[in-house]
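A.B. asks:
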Ligand code: ADP
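Residue numbers (the numbering used here): 10 to 289.
1) What does the alpha-carbon distance come out to for the pair residue 175 and residue 167?
2) Three or more C-beta pairs under 8 Å: does that hold for the region 14–28 against the region 234–250?
3) How many angstroms separate the CA atom of residue 173 from the CA atom of residue 289?
4) Is residue 240 near the ligand ADP, with its Cβ less than 7 Å from a heavy atom?
5) Mind reading off the beta-carbon distance from residue 158 to residue 228? Whole number of angstroms is fine, and I expect it under 8 Å.
6) Following a CB-centred definition, is residue 138 positioned closer than 7 Å to any heavy atom of the ligand ADP?
7) Are residue 127 and residue 69 touching if we call contact CB-CB under 8 Å?
8) Quick test of your reading: residue 141 and residue 218, contact by CB under 8 Å. State the CB separation rounded to the nearest angstrom.
9) I want to check one thing, is the minimum distance from the CB of residue 103 to the heavy atoms of the ligand ADP below 7 Å?
10) What ranges does the beta strand (DSSP E) occupy inside the region 54–94, keeping only unbroken runs of at least 3 residues that lie completely in it?
11) Can you tell me which residues form a DSSP beta bridge with residue 177?
12) According to DSSP, what are the bridge partners of residue 100?
13) According to DSSP, is residue 113 helix, strand or coil?
14) What does the alpha-carbon distance come out to for the pair residue 268 and residue 279?
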């Protein structure tokens with residue numbers, strides 16, 4: 010694994026992003042079998058790290074997944090977190106806001122879904138919809154959505170300063186790949202339930218969405234909450250790219266989490282010894 014280059018592209022804070030410069034079909038010189046074989050050990054490492062995150066109870070992890078329809082947000086969750094205990098993780102899918110959510114500020118529903126200490130929260134779509142679909146469809150005025158970039162950065166800084174580790178992934182598929190996936194959906198009885206006319210309608214605004222995503226990536230990638238662009242036309246590549254980036258981010262915390270476990274364990278043992286001495 011150490012010989013593999015980083016598969017997801019980290020967006021340097023403040024840098025201008027042109028999505029067409031990023032190959033959606035990247036393969037890092039691997040074929041499908043090789044790539045698929047890499048997932049199992051990565052998923053196990055994520056499980057190990059999650060157990061430590063939980064037991065140490067010092068930090069939480071927030072993973073945000075964004076991408077066009079069919080980009081594979083659900084599939085990524087299923088693959089990357091397949092070994093993680095449901096006790097330690099929670100997925101929230103953000104849909105069109107309901108009446109109560111719309112009556113609050115746009116971050117209200119999001120903040121409530123933020124992970125508690127020791128836990129992993131995965132967002133399938135997120136507050137970024139409020140500067141993506143909302144912008145593309147002019148659901149609020151420009152002056153309102155424009156100020157949201159800063160509000161999002163402030164919000165994420167608040168979470169980070171309160172020990173939430175944040176990672177954001179844009180699953181980058183091509184328009185052609187999306188068409189293939191939408192058509193495949195129609196032909197698969199187990200997937201046809203996902204069909205929505207809206208998906209085809211949104212496709213017509215592809216370029217506007219890419220432009221809105223480019224602004225998000227430029228304005229909202231920060232040291233404490235970086236964006237990654239994930240080439241996602243190949244599902245196996247997408248999965249290992251996301252898993253690798255998560256492991257890379259969590260690994261440096263391992264030592265302090267272990268140290269905390271050792272000290273908590275020592276305290277518990279001392280208490281037990283004192284109790285036994287009393288009984289003797
Ligand atoms: P999926 O995420 O699998 O596509 P849906 O088909 O239910 O799930 O799509 C959710 C829809 O909710 C998307 O079209 C998305 O743009 C929309 N949505 C999410 N958040 C918001 C928001 N804040 N404002 C408007 N629409 C939103």
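By construction, the Cβ of each residue, glycine as well, lies at the ideal position given by its N, Cα and C atoms.
C.D. replies: The answer reads as follows:
1) The count along the chain shown starts at 1 and reaches residue 175 at position 166. The count along the chain shown starts at 1 and reaches residue 167 at position 158. Each residue's Cα considered, the two are about 11 Å apart.
2) As far as the Cβ criterion goes, the region 14–28 touches the region 234–250, which means the pair count is three or higher.
3) Locating residue 173 in the chain shown gives position 164, counting from the first residue. Locating residue 289 in the chain shown gives position 280, counting from the first residue. About 45 Å.
4) Position 231 of the chain shown, counted from the first residue, corresponds to residue 240. Residue 240 Cβ: outside cutoff for every heavy atom of the ligand ADP.
5) The residue given as residue 158 occupies position 149 in the chain shown. The residue given as residue 228 occupies position 219 in the chain shown. Sure, about 4 Å apart at Cβ, within 8 Å.
6) As a first step, residue 138 must be located in the chain shown, where it is residue number 129. The answer is yes for residue 138.
7) Stepping through the chain shown from its first residue, residue 127 is reached at position 118. Stepping through the chain shown from its first residue, residue 69 is reached at position 60. Their beta carbons are under 8 Å apart, which means residue 127 touches residue 69 by this criterion.
8) If you number the chain shown from 1, residue 141 lands on position 132. If you number the chain shown from 1, residue 218 lands on position 209. Rounded, the Cβ-Cβ distance is 7 Å, consistent with contact.
9) Start at 1 with the first residue of the chain shown, and residue 103 comes out as number 94. Yes, the Cβ of residue 103 comes within 7 Å of a heavy atom of the ligand ADP.
10) 69–76
11) Counted from its first residue, the chain shown places residue 177 at position 168. Looking at the DSSP output, residue 177 sits in a beta bridge with 73, 236.
12) In the chain shown, residue 100 corresponds to position 91, counting from 1. According to DSSP, residue 100 bridges with 131.
13) Taking the first residue of the chain shown as 1, we reach residue 113 at position 104. Coil, per DSSP.
14) By one-based count along the chain shown, residue 268 stands at place 259. By one-based count along the chain shown, residue 279 stands at place 270. Just so you know, the alpha carbons of residue 268 and residue 279 end up roughly 17 Å apart.
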